[in-house]
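In terms of the working numbering, the sequence shown opens at residue 6 and continues consecutively.
Ideal placement from N, C-alpha and C gives every residue a C-beta, glycine not left out.
Beneath this line is the structure, given in C-alpha cells, with notes to follow.
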Amino acid sequence: MSEKEENATAFSSATPAAATNRAAVIAAGAGIGRRKEAVARVRLTPGSGRWIVNNKNLEVYFPNKVHQQAVSEPLRTVGAEGKYDVIARIDGGGISGQAGALRLGVARALNEIDTDANRPALKKAKFLTRDARVIERKKYGLKKARKRSQYSKR
6 MSEKEENATA FSSATPAAAT NRAAVIAAGA GIGRRKEAVA RVRLTPGSGR WIVNNKNLEV
66 YFPNKVHQQA VSEPLRTVGA EGKYDVIARI DGGGISGQAG ALRLGVARAL NEIDTDANRP
126 ALKKAKFLTR DARVIERKKY GLKKARKRSQ YSKR
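Written as C-alpha cells, this is what we have:
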C-alpha cells in the first residue's frame, strides 16, 4: 500500500483530534446570582485572577477565609483559577448571603463562557442551583415566625 492510501484510511475511521481534545475557551462572561436578600452581578474577563468586589479586593471585602473559599470554588472546580479576573457588584443581604450570591454568579458566568465543558462539573457540584431558602415571615399572635409565648396550664 502506498502512503497516500494509508493516510486516507487512517483518517476516515478515526474521529478528528479537535473533538476529543478541546482547548479551554478563554472568553468574557457575565452572570447574576441571588441568595437570601443579596444580589450579585458578576463579570468574568480573561486575566490574571484578580477579584474586585464593590471596588475592593476579595480579602478586604470577605475577610473570612470560609467565604473566600466558597466564592472561588466554581473556578477551582472548572480548573480556571488564575485565568479570569472577577469584577462583581453586590447589593443587599448580609456577608454569608452575599458570598452565596457571588458564588452562584461566578458559576453562571463560567457556564455562559463554555457550556459544553463547564456545565457538567458545575452541575455535579451543585453550583448552578439557586438556594431558595429565605427567612420565614413573622406571624401575628406569635413572638417570631414560630416562637409562641409561654403557655401556663394553671
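Delimiting residues of the beta strand (DSSP E) encompassing residue i
i, result
"T50", "A43 to P51"
"I57", "W56 to V58"
"G36", "G34 to R40"
Distance between beta carbons of residue j and residue i, contact taken as under 8 Å
i, j, result
"V58", "A93", "5 Å"
Contact check, residue i vs residue j, beta carbons under 9 Å
i, j, result
"Y89", "G36", "no"
"G87", "R40", "no"
"V47", "R113", "yes"
"V30", "D119", "yes"
"G38", "V139", "no"
Burial state of residue i (16 or more Cβ within 10 Å)
i, result
"R153", "exposed"
"G146", "exposed"
"R108", "buried"
"N60", "exposed"
"N26", "Its pLDDT being 41, under 50, N26 is placed unreliably in this model, and the coordinates cannot settle the point."
"G54", "exposed"
Endpoints, alpha helix (DSSP H) assigned at residue i
i, result
"I95", "Here I95 belongs to no alpha helix (DSSP H); instead the beta strand (DSSP E) covers Y89 to D96."
"K129", "T120 to K129"
"Y66", "L63 to Y66"
Any C-beta of chain C under 9 Å from that of residue i
i, result
"K149", "The displayed structure is made up of one protein chain only, and chain C is not part of it."
Residue of the options minimising C-alpha distance to residue i
i, options, result
"F67", "P79, R138, Q103 and E78", "Q103"
"A130", "Q73, T82 and A32", "T82"
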